[in-house]
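J.: So the sequence lines, in the order shown, correspond to chains Z, R and H.
Residue 218 is where the first sequence starts when you use my numbering, and the numbers rise one by one after that.
Residue 165 is where the second sequence starts when you use my numbering, and the numbers rise one by one after that.
Residue 3 is where the third sequence starts when you use my numbering, and the numbers rise one by one after that.
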Amino acid sequence: MDVPVVMPPLGDAAGELVLSRWFKAPGDRVDKGEPFFEVATDKTESEVEALDSGTVSKLILPEGESAEAGQIIAYIDTNSG
Amino acid sequence: MISTLTPPRTVTYREALREALFEEMEADDRVIVMGEDVGKYGGAYAVSKGLLERFGDRRVIDTPMSEALIVGAALGAAVVGGRPVAEIMYMDFVTLTMDALVNQAAKLHFMFGGQLSAPMVVRVQQGVGRGAGAQHSQSLEAWFAHVPGLKVVAPSTPADAKGLLKSSIRDDDPVLFIEHKGLYARKGTDPGREHTVPIGVADVKRPGVDVTVVAWSNMVHTALDAAELLADDGIDVEVIDLRTIAPLDMQTVLASCRRTGRLLVAHEACQTGGLGAEIIAQAAEHLHGLLHAPPRRIATPDVVLPANTTLERALVPDTDAIASAIRDLVRS
Amino acid sequence: MFAPNPTMAATETDTETLSRLYRELLRIRRAEEGILELLLKNKLSSTMCHVSIGQEAVAVGVCDALEPDDYITSTHRGHGHFLARGGAMSALMAELMGREAGACRGRGSSMHLVDASIGHLGSNAIVGGHIPIATGAALWTALRGEHRVVASFFGDGATSEGIFHESVNFAAVQRLPIVFVVENNQWAMSLPWAKSTAQQSIEVKAEGYGIAGVDVDGQDVLAVRTAARDAIGRARRGEGPTLLGLSTYRFLGHSRADPSSYRDKAEEEKWRLRDPVLLAHNLLMAHDFDEEWFEQVDRDIAAEIAAAIEIAENSPPASIGEVFSDIYATPLEGIR
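In structure tokens form, the structure reads like this:
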């Protein structure tokens, strides 16, 4: 089953949430708690861990682009592996 | 039974406040008084004189010079069942209590989903008259009208002072009770025991048909004097005493303006951002086309008040200044 | 100041107490991990959210020492205080998700929690703002002779606020039944304790006020509980307030958006060895609690949290209409 991964509401105000880096590529195995991506806000950069274990099925948001909090940025297939 | 021929007893504003405290403390043992020098000294303006002797030091509590603590602790006592009346000696010192008043007391009922409430009164006095200067004379009521969750009252007569203080003590919300140092010795009719005045209701202190003057606290008397002066010229002035600053009783003000077609707001607080601005804004929103002249305000200019009675008198609107403003309004 | 070391005081404690404390420590840890997940999934009603992971022994040790009639006040980092005092998991989760079933009916979120029925007088988003409120509550209980005690939790940062001084001074003069719990996680956002104060001993600070004060290892839940019991006992006997200094550590950033780049990673690692949950776990192992027991506790807690989140998700969102009607407790007869 593909589980959506959303842009977390980091940062305190209306600043941009930029996906600065993916630590995994499509097809990679990812475990819950493992660093999955990095978000840059106007204040700082934060590593965000995966909340589910499985295989990365799709990365939607390219590195360097911003998204609204709550917007789906990737899918993890939790049935695999 | 009192004979109707007996002239009504008069009391001072100070005595009326003291009686309200006495009566409420006698009626409800949850009512306590706390603040700087409220005990043996009897309060900076002698309002709490005699309370310590009558109720003891468990209900009349002298605190250290800690204004933020006084209001914050009054709030804490209120949250767990007390009905404290805290005294802050001068409105100017309220700046030291802003967190407790603005962030805590005003917010608590709503913020905590209605689980807690803050049945407390913070008594302060403000205003000019003694050349008390930059840090002991300010009128800051408009600041608190800007804080949802607070109730703010500013009575002008002994009867209103007593009635509103009793209502404030019985109210389940935080009330900022603003007295005026120029009013303590003023005499008025003694309303007797069990006199209350509802919070949120303005009072027409003098009915008239030509112009509406809105004032509160000590400025009500200046406005009434101006109205008397103008009566000789055939100008019939209605004087509305707001009594409650927040929430504003605009219905009474607007109804009066609809009849007179003219509005003047007079206040002792400095002009910019004063309550006059809000009242006139609401009048403009609701009375477009109904007013015969643009609404006006008269206030102390935006100055730092000098500790000098001569300069003070020159700056704060007096009877002549209000009368002159009314004449201008009526002529236009 | 307390220096962290990787062992726990071998206090004589019955295993029933120890297992109860462990369960509560883990309950708070797992709840906050769950909250962080909800945050990352964008399911919280506010972006303001501060977890106390690493500091659980403070909340658990102090609250365990309180009686049901006592009061607490809490901070913006108050999930642990709320749960340890007996607040419902579902009230916490629903509050964070902005639902009617929340502690504040969805109006307070992470920084404002309350439950008057268990003497939780509210957590506060102004650093130090609740200390005088706690003091006033203690004043009232003392005036009424109620024998209740107030525990006021606040951080090291709050000791730099003027209201801390005003409150402790007044409580000392009046000998009020209050315990000022200095939950010293070493960092006031990015400012280290050594830059907050030149006198880092809470015991010495207390001397200046003429009251009792202690410096205690805040990662050792038994040590916290013992010190809290002493302080609460003094308060209840009319012997006045205590400054209870508890050294602890915020394992994560100030908020989820703070990677705490201002902290030395070696310092973080050193404190991680003093994980209060792990310390209690090890002590239970030494008392022959087996894997099966630990697994059962894990399952119980996971089930409680899952059920709470389900209750929250099924609760209606906070209503907009009441933002006007609930400003005042006494409706105004005069407002027409």
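Yeah, the Cβ is synthetic: ideal placement off N, Cα and C, and Gly gets one too.
Would D335 (chain R) be called buried (16 or more neighbouring beta carbons within 10 Å of its own) or exposed?
T.: By one-based count along the second sequence, residue 335 (chain R) stands at place 171. Buried is the call here.
J.: Could you tell me which chain Z residues have their CB closer than 7 angstroms to the CB of L42 (chain H), listed as they occur along the chain?
T.: By one-based count along the third sequence, residue 42 (chain H) stands at place 40. By Cβ distance, chain Z contributes P225, V265 and L268.
J.: Measure the C-alpha to C-alpha separation of Q289 (chain R) and G110 (chain H) and round it to an integer number of angstroms.
T.: For this step, residue 289 (chain R) is matched to residue 125 along the second sequence. For this step, residue 110 (chain H) is matched to residue 108 along the third sequence. One C-alpha to the other measures close to 34 angstroms.
J.: Does any residue of chain B bring its CB to less than 8 angstroms from the CB of E282 (chain Z)?
T.: Checking the listed chains, one finds no chain B in this structure; the protein chains it contains are Z, R and H.
J.: What is the residue span of the beta strand (DSSP E) that V224 (chain R) lies within?
T.: Numbered from its first residue, the second sequence carries residue 224 (chain R) at position 60. Run containing V224 (chain R): V224 to D226, per the beta strand (DSSP E) assignment.
J.: With 8 angstroms as the limit, tell me which residues of the segment 257 to 271 of chain H have their beta carbon closer than that to any beta carbon of chain Z; keep them in chain order.
T.: Going along the segment 257 to 271 of chain H in chain order, one finds S257, R258, A259, D260, P261 and S263 with a Cβ nearer than 8 angstroms to chain Z.
J.: State yes or no: is the C-beta of D337 (chain R) within less than 8 angstroms of the C-beta of A331 (chain H)?
T.: For the purposes of this step, residue 337 (chain R) is identified with residue 173 of the second sequence, where counting begins at 1. For the purposes of this step, residue 331 (chain H) is identified with residue 329 of the third sequence, where counting begins at 1. The answer is yes: Cβ separation under 8 angstroms.
J.: Near G121 (chain H), what residues of its chain come up, given a Cβ to Cβ distance below 6 angstroms and the 5 sequence neighbours on each side ignored?
T.: Against the third sequence, residue 121 (chain H) aligns to sequence position 119. Result list for G121 (chain H): D72 and Y73, in chain order.
J.: At a cut of 8 angstroms, does the segment 196 to 213 of chain R reach the segment 247 to 267 of chain R through at least three beta carbon pairs?
T.: At 8 angstroms Cβ cutoff, the stretches touch.
J.: To the nearest angstrom, how far is the alpha carbon of A430 (chain R) from that of A241 (chain R)?
T.: Start at 1 with the first residue of the second sequence, and residue 430 (chain R) comes out as number 266. Start at 1 with the first residue of the second sequence, and residue 241 (chain R) comes out as number 77. The straight-line gap from Cα to Cα measures roughly 37 angstroms.
J.: What's the gap between the Cα of A309 (chain H) and the Cα of G215 (chain H)?
T.: On the third sequence, residue 309 (chain H) is found 307 positions in, with the first residue counted as 1. On the third sequence, residue 215 (chain H) is found 213 positions in, with the first residue counted as 1. Whole-angstrom Cα-Cα distance: 41 angstroms.
J.: Within the segment 259 to 337 of chain R, note down every full beta strand (DSSP E) run reaching 3 residues or more, in order along the chain.
T.: Counting whole runs of 3 or more residues, the segment 259 to 337 of chain R contains the beta strand (DSSP E) stretches 285 to 290 and 315 to 317.
J.: Can you check which of these residues, R:D466, R:R294 and R:F274, is closest to G323 (chain H) by C-alpha distance?
T.: If you number the third sequence from 1, residue 323 (chain H) lands on position 321. Selected option, being the one with the closest Cα: R:F274.
J.: Going straight from the alpha carbon of L141 (chain H) to that of Q188 (chain H), what length do you get?
T.: Along the third sequence, one-based indexing puts residue 141 (chain H) at 139. Along the third sequence, one-based indexing puts residue 188 (chain H) at 186. The alpha-carbon atoms of L141 (chain H) and Q188 (chain H) are separated by roughly 30 angstroms.
J.: Run through DSSP, which three-state label would W380 (chain R) get?
T.: Sequence index remark: in the second sequence, residue 380 (chain R) carries index 216 (1-based). In this structure, W380 (chain R) counts as coil in the three-state DSSP scheme.
J.: Taking any Cβ of chain H, which residues in the segment 259 to 287 of chain R have a Cβ under 8 angstroms from it, in chain order?
T.: Residues D263, A264, N267, Q268, L272, H273, F274, M275, F276, G277, G278, Q279, L280, S281, A282 and P283.
J.: On a Cα-Cα basis, can you pick out the residue from R:Q435, R:E442 and R:I443 that is closest to V467 (chain R)?
T.: Walking along the second sequence from the start, residue 467 (chain R) turns up at place 303. For V467 (chain R), the nearest C-alpha among the options comes from R:Q435.
J.: Would you kindly work out how many angstroms separate the C-alpha atoms of A12 (chain H) and D269 (chain Z), rounded to a whole number?
T.: For the purposes of this step, residue 12 (chain H) is identified with residue 10 of the third sequence, where counting begins at 1. For the purposes of this step, residue 269 (chain Z) is identified with residue 52 of the first sequence, where counting begins at 1. At A12 (chain H), the pLDDT of 47 sits below 50, so the modelled position is not reliable; the number obtained from the coordinates is stated separately. Roughly 39 angstroms separates the two Cα atoms.
J.: Please give me, in chain order, every unbroken run of the alpha helix (DSSP H) with length at least 4 that falls completely inside the segment 429 to 477 of chain R.
T.: The qualifying runs are 439 to 450.
J.: Just by C-beta distance, which residues in the segment 149 to 167 of chain H are closer than 9 angstroms to chain Z?
T.: Cβ contacts with chain Z come from no residue of the segment 149 to 167 of chain H.
J.: In chain order, what residues of the same chain lie with their CB nearer than 7 angstroms to the CB of A210 (chain R), ignoring the 5 residues before and after it?
T.: Position 46 of the second sequence, counted from the first residue, corresponds to residue 210 (chain R). Hits under 7 angstroms: R178.
J.: Which same chain residues, not among the five before or five after V373 (chain R), have their C-beta less than 8 angstroms away from its C-beta?
T.: Along the second sequence, read from residue 1 onward, the residue named residue 373 (chain R) stands at position 209. Excluding residues within five positions, the ones whose Cβ falls inside 8 angstroms are D400, E402, R423 and T424.
J.: Spell out the partners DSSP gives R247 (chain R) in its beta bridges.
T.: For the purposes of this step, residue 247 (chain R) is identified with residue 83 of the second sequence, where counting begins at 1. Answer by DSSP bridge pairing, in chain order: R:V195.
J.: Contact check, G250 (chain Z) vs E266 (chain Z) under 8 angstroms by CB: the rounded distance?
T.: Counting from 1 along the first sequence, the entry for residue 250 (chain Z) is found at position 33. Counting from 1 along the first sequence, the entry for residue 266 (chain Z) is found at position 49. Right, the Cβ-Cβ distance comes to about 5 angstroms (below 8 angstroms), so this counts as a contact.
J.: Whose C-alpha, out of H:R25, H:L42, H:A33 and H:L27, is nearest the C-alpha of M224 (chain Z)?
T.: Sequence index remark: in the first sequence, residue 224 (chain Z) carries index 7 (1-based). The residue with the shortest Cα to Cα distance from M224 (chain Z) is H:L42.
J.: Would DSSP call F291 (chain H) helix, strand or coil?
T.: The residue you call residue 291 (chain H) lines up with position 289 of the third sequence. Note: F291 (chain H) maps to coil in three-state DSSP.
J.: Applying the criterion that 16 or more other CB atoms from any shown protein chain within 10 Å of the CB defines a buried residue, is G228 (chain Z) buried or exposed?
T.: Counted from its first residue, the first sequence places residue 228 (chain Z) at position 11. Answer is buried; the Cβ neighbour count reaches 16.
J.: Rounded to the nearest angstrom, how far is the Cβ of R407 (chain R) from that of P481 (chain R), given a contact under 8 angstroms?
T.: Along the second sequence, read from residue 1 onward, the residue named residue 407 (chain R) stands at position 243. Along the second sequence, read from residue 1 onward, the residue named residue 481 (chain R) stands at position 317. Contact flag wrong, Cβ pair sits at about 19 angstroms.
J.: Just to confirm my understanding: we take L418 (chain R), look at its own chain, exclude 5 residues before and 5 after, and list those with CB closer than 8 angstroms. What are they?
T.: Residue mapping note: residue 418 (chain R) aligns to position 254 of the second sequence, counting from 1. The residues are Q446, A447, H450 and L451.
J.: Are A381 (chain R) and I342 (chain R) touching if we call contact CB-CB under 8 angstroms?
T.: Within the second sequence, the letter at position 217 stands for residue 381 (chain R). Within the second sequence, the letter at position 178 stands for residue 342 (chain R). Just to set this straight, residue 381 (chain R) is Ser in the shown sequence, not Ala. Against a cut-off of 8 angstroms, the Cβ pair of I342 (chain R) and S381 (chain R) comes out as a contact.
J.: Check whether the Cβ atoms of L265 (chain R) and L314 (chain R) sit closer than 8 angstroms, and answer yes or no.
T.: Locating residue 265 (chain R) in the second sequence gives position 101, counting from the first residue. Locating residue 314 (chain R) in the second sequence gives position 150, counting from the first residue. The answer is yes: Cβ separation under 8 angstroms.
J.: How would you write the range of the beta strand (DSSP E) that E343 (chain R) sits in, first residue to last?
T.: Walking along the second sequence from the start, residue 343 (chain R) turns up at place 179. Per DSSP, E343 (chain R) belongs to the beta strand (DSSP E) from V339 to H344.
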